[in-house]
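Colleague: Okay, handing you the structure first.
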Amino acid sequence: MNVSLKWLSDHVDFSSYSMEELDDLLTFAGIEVEGIQRLPDNLVVAEVLSSEKHPDADKLSVCQVDDGSGTPRQIVCGAKNYKVGDKVPLALPGCVLDAGDGKTFEIKEGKLRGVKSLGMMCAAQEIGLTDDAEGLMILSSDLKPGTPMSEVYPAVFELEITPNRPDCLSHLGVARELAALAEKPLQGVTHYCDSKTKTRKAKGSEIKISSESCPYYTARIVRGVEVKDSPDWLKEKLESVGLRPINNIVDITNFVLMEMGQPLHAFDLSLLKGGIHVRQAEEGEKFLALDGEEYELTAEDMVIADSKKAVAIGGVMGGEDSGVTEKTTDILLESAYFDGPAIRRTGRRLGLHSDSSYRFERGVDAYQVNGASDLAIKLILDLAGGKAEKEIVVCGSLPSAPEAVKLDDDYCRSVIGAEISDEEIDSILSSLGLEKGREGWDIPTYRLDLERPIDLVEEVARVYGLDKVPSSQSAWFSPASKADEAYDFASGIQTKLSSLGFYETRNLKLISEAQLSDNVATNHRKMSPVQLKNPLNDEQDYLRPGLVPGLLATAERNKRFGNADLRLFEMGRVFTATPKGDEIEHEHFALLMTGARVQRGWTDGKPSAMDIHDLRAVLEQICPAGLTLVPVDDDRMLCACSIEIGTGKKSTKLGLAGILSPARARELSLEAPVMVAEINLKKLAAAFSADLKYEELPKFPGSSRDIAMLVSSDLPAGKVDSFFASYQEPLLVSYELFDVFQDPSGEKLPAEKKSLAYSVSYRSDDRTLEGPEVEAAHAKLLDSLRSKLNVEFR
Amino acid sequence: MLAELDTIQSDALAAISSVQDEAALEEARVGFLGKKGRLSVAGAGMRDVPKEEKKEVGQKLNEVRTAITTALEEKSAELIAARDAAAFASIDPTLPSRPLPAGGLHPLTYVLGEAVKVLRRMGFALAEGPEIETEWHCFDALNTPEDHPARNESDTFYFENGKLLRTHTSSVQIRTMEKVVPPVRIIAPGSAFRRDEIDATHLSAFHQLEGLYVDKGVTLADLKGTLEFFFREIFGSKTEVRFRPHFFPFTEPSFEVDLKLQATGKADKWIEIAGCGMVDPNVFLSVNDARGDAAYSPDEVTGFAFGMGLDRLAMIMYGIPDLRLLIENDVRFLQQFR
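Following this line, the structure appears as structure tokens:
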């Protein structure tokens, strides 16, 4: 909300405050200052002395203006709405104006169609006051040429009022709050609740309420008004807070809105047929609003109607054809109390928001409805003349006044944790307009937020200020939670992976439907991805069921940025739903490797590309000992070659790894093989043995033998590994593949064969092995290999 | 014989001293001390030496052997030293290093790690909750009015079954209190989601760190002391911290926390960094309803809660100007935080 310092000064004298001090005062009242608008320097009031047609341009005029310097200044101008003698804003050379979109432009001396122009006369929109861009802004004729515009329109605060404080959505409301905090008296009219005007219950069809969204409605008729421009003081006030003056009647309702936060509406009485009926709209009822748009209403919307049709959407906006115009002579002024939630629903559904609906939504003080009507009527009579009916016609009843709240001062101190005396507490609450009564603290009708003792504690804490509250420190012994254990385990993996040369990525958890096919996570076939009901766009309409889709997108993006050699990982939550529709969340981590194994350098000018064996090596580094990798054939997998990651004797499935299919890699413009793996973090953590125990180191030397065997070229090395793993020979302690050789040309080896060379070690824990013992064991092993795997030895 | 030994010694010493490399030295060793070497051959002549000269010749033989051996050892040491020196001379330590794959963590992980480190020293344990939440845990239980704008479909992601993506980690407060009786002292880092178009200052998914402390006699003074300590540990002991009154549905009183920080090349400025407050009694009442007991009776316990945006913290700590950098994962960006 825009609050003008000048307007605020009607109620509180802030002349001794600097802008910074005022900023602080507002800030510590809990009112955030989002910005301070000040008109630029070198923007002054100027009087148009003469205006002649531009010799070479029909649409331009050449004016001489008085800028207060004593010498007339020549300005070329395109506007038509002014006359000689008008006062207008003049931007002098050097004046910097806002050009929108965060840009500015500086006024310079120049020539327009060959005629010198030494500045620019401005529209209200051009100097950022209101949205009125049509023609020059015509200023009050009382202003002296040369007066800086920043004196005419002093600073305006853009304030963010929190939703619990609708009472601050007006100048009086903000003034009331600041006066309390600054311990200054509130001046001018400080209270609009005690209207002295007589009221009369509506009779017959005069006013009828059949909507629950309107507890209280009032109307007062003024006849014989003259609708015209508002006087300068009123225009300036409205302009200063960004409102465009319309005519005196409309301006007055806007003034009351900004002054005291009560929305009003003035109807042209002659355009109303019969009495006022506050009712729910009919389903599909059409309504042409003041903004020129037609809205289709539903039975949930409340309208103000005459006997024929709706003339306003209650509390939101008046109608196009019942408003006050220059022809209007008799008016009906509405001042009412509407239900906030109902107005919010209507505004939200129609996408229609106004200064009025903004205030009703948040809650207005029902007890000022009559007072607001009084203030407006008084101004109407002053500025537009006419004769008002003696009584305010009312319908419905006011909601009950806020109940008194009891506050135990000890409770207050115990929540705040500061020694605030009873007197201080009393003085703070009194300054805010609360009164100590028999039942506790009586709450002003505008403080809709004060209902419970804690609400009063908040007031005390806020005004007392947290800077005066001591800072206490309390510590605690916390046993590790499950979340702590998970965090520490994940951190360990993160650290390991970053040491292995991986960069951690964090991708958005929302992915597109197309990306779902990149998923390789080990979710059960029956699990389905989780779809949003209201995605922002179709790039983000599913929650990721796995991490690989994000990693692939990242790899593609990095390739575009010129980073082709990648080791990436991501850790985080993935989402799936059971056939019953229950969402399941898991923590996963995933790896992606592609490109050169090492950076090209003087030590290796042609580094080779990473392959599946690099991925295996990494998996072995981060998984517990006993990792098993089993090739799988799975039609869901996008991988050309997939392996299942398992561990332990029973081989718990931890995840999947593999090579991205070359076709998909090409689609992503990734050339080299792309390896991916995705692992369930919780399962991985469980696979690590909790009790690690020392194992005695070997005391006796071992003896090793090499075996070079010729096998069928399609025999996976894993088969030989499995043979060794299950081979029963107490002396055999380890085996290692140290060479693989194939010769497709068939010269050195038959083309359908390959050579695998293993080194096997024999050792005993209780003695040094004798040669013959080793030979015997080795011969047995070779026999077994020959019979089980059909190998030949080279 | 003695003369011959003298000759062998002088020949040997001359040969050894003229040797240029280790192979030649070995050749010289074999030539003099090897089985068929000159000294060995001469030694075999001891048989023919008259008895009375044997002692003298034997002594001489030993002297010569020692002299040659010593010369060989000295020469060998000299040659090895020369070889070492030559090897070192060929090293150019100014060449660029042999490349090793370098990795690192995402800046958010570093920021979270720092925060968790400090808060754990302060006695907080970690907690977590689901990101797909019920409206009750995300809004109702947190005292959010039924018609609060945050519940709008325009602001919050929903699922067909009525659940939603949590809009803040504050739902973990409820999840934790449902399970654990007071005292409770937890922090909950995690993702939160808002239906915002992504731009330099908005992400549809972002990261928050939530804190909650509930016990008998927890005060606003405890909250102030806790957050002041935390932010000074992170940003330095002299960091100015201020608490501005604010409004959140689930705390009362509520504050926003500003730090006076210096952006590079600019004057110190108050920067909003966290929201906090005393847990609203209505939140405790909701928790009691869900638990079916009075473990969190507002007459018995009080508590404070705080929450901060980790993405924002990262932006401030590292001077990152655009949030999108955090989700783009450009390796050239990631490698700046190793």
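Just so you know, the protein sequences line up as chains A and B, in that order. Position one of the first sequence corresponds to residue 732 (our numbering), numbered consecutively onward. Position one of the second sequence corresponds to residue 12 (our numbering), numbered consecutively onward. For glycine and all other residues, C-beta sits at the position ideal for the given N, C-alpha and C. Please read all numbers here as calculations on a predicted model, not as lab measurements.
Could you tell me the alpha carbon to alpha carbon distance between A:Gln918 and A:Leu849, rounded to whole angstroms?
Modeller: Counting from 1 along the first sequence, the entry for residue 918 of chain A is found at position 187. Counting from 1 along the first sequence, the entry for residue 849 of chain A is found at position 118. The alpha-carbon atoms of A:Gln918 and A:Leu849 are separated by roughly 44 angstroms.
Colleague: Rank A:Lys875, A:Met991, A:Pro820 by C-alpha distance to the C-alpha of A:His902 and give the top, closest one.
Modeller: Stepping through the first sequence from its first residue, residue 902 of chain A is reached at position 171. Closest option to A:His902, Cα to Cα, is A:Met991.
Colleague: What alpha helix (DSSP H) runs, 4 residues minimum, are completely inside the stretch 1207-1291 of chain A?
Modeller: Counting only runs of 4 or more, we get 1213-1230, 1279-1291.
Colleague: I want to verify the contact list: residues of chain A whose CB lies under 7 angstroms from the CB of B:Thr120, in sequence order.
Modeller: Counting from 1 along the second sequence, the entry for residue 120 of chain B is found at position 109. Within chain A, the residues near B:Thr120 are Gln1225, Glu1235.
Colleague: Less than 8 angstroms between CB atoms is the rule here; does A:Asp1215 satisfy it with respect to chain B?
Modeller: Looking up residue 1215 of chain A in the first sequence gives position 484. So, interface residue.
Colleague: For B:Asp291, go through chain A and note every residue whose CB falls closer than 8 angstroms to its CB, in chain order.
Modeller: Within the second sequence, the letter at position 280 stands for residue 291 of chain B. Ile1185, listed in chain order.
Colleague: What is the residue span of the beta strand (DSSP E) that B:Gly318 lies within?
Modeller: Here residue 318 of chain B refers to the residue found at position 307 when the second sequence is read from its first residue. B:Gly318 -> beta strand (DSSP E) spans 313-320.
Colleague: Against B:Leu345, what residues of chain A qualify as contacts under a CB-to-CB distance less than 8 angstroms, listed in chain order?
Modeller: Along the second sequence, one-based indexing puts residue 345 of chain B at 334. Simply Tyr1234, Glu1235, Thr1236.
Colleague: Establish whether the CB of A:Ala1321 and some CB of chain B are separated by less than 8 angstroms.
Modeller: For the purposes of this step, residue 1321 of chain A is taken as residue 590 along the first sequence, with counting starting at 1. Not an interface residue.
Colleague: Hey, could you find the ends of the beta strand (DSSP E) B:Ile198 is sitting in?
Modeller: On the second sequence, residue 198 of chain B is found 187 positions in, with the first residue counted as 1. Segment 195-204, the beta strand (DSSP E) holding B:Ile198.
Colleague: In the DSSP assignment, what are the bridge partners of B:Met289?
Modeller: In the second sequence, residue 289 of chain B corresponds to position 278, counting from 1. Answer by DSSP bridge pairing, in chain order: B:Phe315.
Colleague: Can a CB atom of chain A be found closer than 8 angstroms to the CB of B:Asp341?
Modeller: Along the second sequence, one-based indexing puts residue 341 of chain B at 330. Yes, contact with chain A.
Colleague: Note the first and the last residue of the continuous beta strand (DSSP E) segment covering A:Val827.
Modeller: Taking the first sequence and counting its residues from 1, the one referred to as residue 827 of chain A is at position 96. Taken as a continuous stretch (DSSP letters only), the beta strand (DSSP E) holding A:Val827 covers 827-831.
Colleague: B:Ser202 touches chain A at which residues, Cβ-Cβ below 9 angstroms?
Modeller: As a first step, residue 202 of chain B is located in the second sequence; it is residue number 191 there, counting from the start. Per Cβ cutoff of 9 angstroms: Lys1240, Gly1303, Arg1304.
Colleague: What span of residues does the alpha helix (DSSP H) with A:Ala1115 cover, start to end?
Modeller: Within the first sequence, the letter at position 384 stands for residue 1115 of chain A. First-last of the alpha helix (DSSP H) with A:Ala1115: 1100-1115.
Colleague: Would you say A:Pro1280 lies against chain B (beta-carbon separation less than 8 angstroms)?
Modeller: For this step, residue 1280 of chain A is matched to residue 549 along the first sequence. No, because no Cβ of chain B sits closer than 8 angstroms to the Cβ of A:Pro1280.
Colleague: Report buried or exposed for B:His179, applying the criterion of at least 16 other Cβ atoms within 10 angstroms of its Cβ.
Modeller: Along the second sequence, read from residue 1 onward, the residue named residue 179 of chain B stands at position 168. So B:His179 ends up on the buried side.
Colleague: Taking only three categories from DSSP, how would you classify B:Leu72?
Modeller: For the purposes of this step, residue 72 of chain B is identified with residue 61 of the second sequence, where counting begins at 1. B:Leu72 falls in the helix class under three-state DSSP.
Colleague: Less than 8 angstroms between the C-beta atoms of B:Ala5 and B:Gln20, yes or no?
Modeller: Residue 5 of chain B falls outside the range modelled here, since chain B spans only 12 to 349, and no answer is possible.
Colleague: Run the CB neighbour count on A:His1344, radius 10 Å, all protein chains shown included, and call it buried at 16 or more, exposed below.
Modeller: As a working note, residue 1344 of chain A is residue 613 in the first sequence. With fewer than 16 other Cβ atoms within 10 Å, it is exposed.
Colleague: What is the DSSP secondary structure of B:Gln273, counted as helix, strand or coil?
Modeller: Within the second sequence, numbered from 1, the residue matching residue 273 of chain B stands at position 262. If DSSP states are grouped into helix, strand and coil, B:Gln273 belongs with the strands.
Colleague: Where does A:Leu1387 sit, in a helix, a strand or coil, going by DSSP?
Modeller: Translated into positions along the first sequence, residue 1387 of chain A becomes position 656. In the structure shown, A:Leu1387 sits in a strand (DSSP, three-state: E or B).
Colleague: How would you write the range of the alpha helix (DSSP H) that A:Glu889 sits in, first residue to last?
Modeller: Your numbering for residue 889 of chain A matches position 158 in the first sequence. Not the alpha helix (DSSP H): A:Glu889 falls in the beta strand (DSSP E), residues 887-891.
Colleague: Does the distance from the CB of A:Asp1052 to the CB of A:Gly1005 come in under 8 angstroms?
Modeller: In the first sequence, residue 1052 of chain A corresponds to position 321, counting from 1. In the first sequence, residue 1005 of chain A corresponds to position 274, counting from 1. For A:Asp1052 and A:Gly1005, no; Cβs fall outside 8 angstroms.
Colleague: Look at the Cβ atom of A:Met978, then the Cβ atom of A:Asp963, and state whether they are nearer than 8 angstroms.
Modeller: Here residue 978 of chain A is taken as the residue at index 247 of the first sequence, counted from 1. Here residue 963 of chain A is taken as the residue at index 232 of the first sequence, counted from 1. It should be noted that the sequence gives Asn, not Met, for residue 978 of chain A. No; because the gap between Cβ atoms is not below 8 angstroms, this pair is not in contact.
Colleague: Using only CA atoms, which one of A:Val1464, A:Ser1495, A:Ser1066 lies nearest to A:Ser1087?
Modeller: As a working mapping, residue 1087 of chain A is identified with position 356 in the first sequence. Of A:Val1464, A:Ser1495, A:Ser1066, the residue nearest in Cα terms is A:Ser1066.
Colleague: At least one CB of chain B closer than 8 angstroms to the CB of A:Glu1316: is that the case?
Modeller: In the first sequence, the residue the question calls residue 1316 of chain A occupies position 585. Answer yes: the Cβ-Cβ gap between A:Glu1316 and chain B drops below 8 angstroms somewhere.
Colleague: Confirm, please, whether the CB-CB distance from A:Asp1215 to B:Leu137 is below 8 angstroms.
Modeller: In the second sequence, counting from the first residue as 1, residue 137 of chain B sits at position 126. In the first sequence, counting from the first residue as 1, residue 1215 of chain A sits at position 484. Result yes, Cβ atoms of B:Leu137 and A:Asp1215 sit closer than 8 angstroms.
Colleague: Indicate the three-state DSSP secondary structure (helix, strand or coil) for A:Glu1155 in the structure shown.
Modeller: Looking up residue 1155 of chain A in the first sequence gives position 424. Looking at A:Glu1155 - three-state DSSP - the assignment turns out to be helix.
Colleague: Taking 8 angstroms as the cut-off, decide whether the C-beta atoms of A:Gly1071 and A:Arg1093 are in contact.
Modeller: Along the first sequence, read from residue 1 onward, the residue named residue 1071 of chain A stands at position 340. Along the first sequence, read from residue 1 onward, the residue named residue 1093 of chain A stands at position 362. Closer than 8 angstroms, so yes.
Colleague: Pull up the CB-CB distance for A:Val1047 and A:Ser1104, whole angstroms please, since I reckon it's below 8 angstroms.
Modeller: Locating residue 1047 of chain A in the first sequence gives position 316, counting from the first residue. Locating residue 1104 of chain A in the first sequence gives position 373, counting from the first residue. 19 angstroms between Cβ atoms; not a contact.
Colleague: Spell out a yes or no on whether the stretch 307-318 of chain B and the stretch 277-287 of chain B are touching, meaning 3 or more CB-CB pairs, one atom from each, closer than 8 angstroms.
Modeller: Touching, yes.
Colleague: Helix or strand or just coil, what does DSSP make of A:Asn705?
Modeller: Past the boundaries of the shown model lies residue 705 of chain A; chain A is included only from 732 to 1525, so the question cannot be answered.
Colleague: With 8 angstroms set as the bound, which would you pick, yes or no: does the beta-carbon of A:Pro1201 sit closer than that to a beta-carbon of chain B?
Modeller: The residue labelled residue 1201 of chain A in the question sits at position 470 within the first sequence. Closer than 8 angstroms to some Cβ of chain B, the Cβ of A:Pro1201 qualifies, so yes.
Colleague: Note down, in chain order, every chain D residue with its Cβ under 9 angstroms from the Cβ of A:Pro1210.
Modeller: Among the chains of the structure shown, chain D does not appear; the protein chains present are A and B.
Colleague: Measuring CA to CA, which of A:Glu1467, A:Leu1003, A:Ala830, A:Glu937 is closest to A:Gly1054?
Modeller: Locating residue 1054 of chain A in the first sequence gives position 323, where the first residue counts as 1. Among A:Glu1467, A:Leu1003, A:Ala830, A:Glu937, the Cα nearest to that of A:Gly1054 belongs to A:Leu1003.
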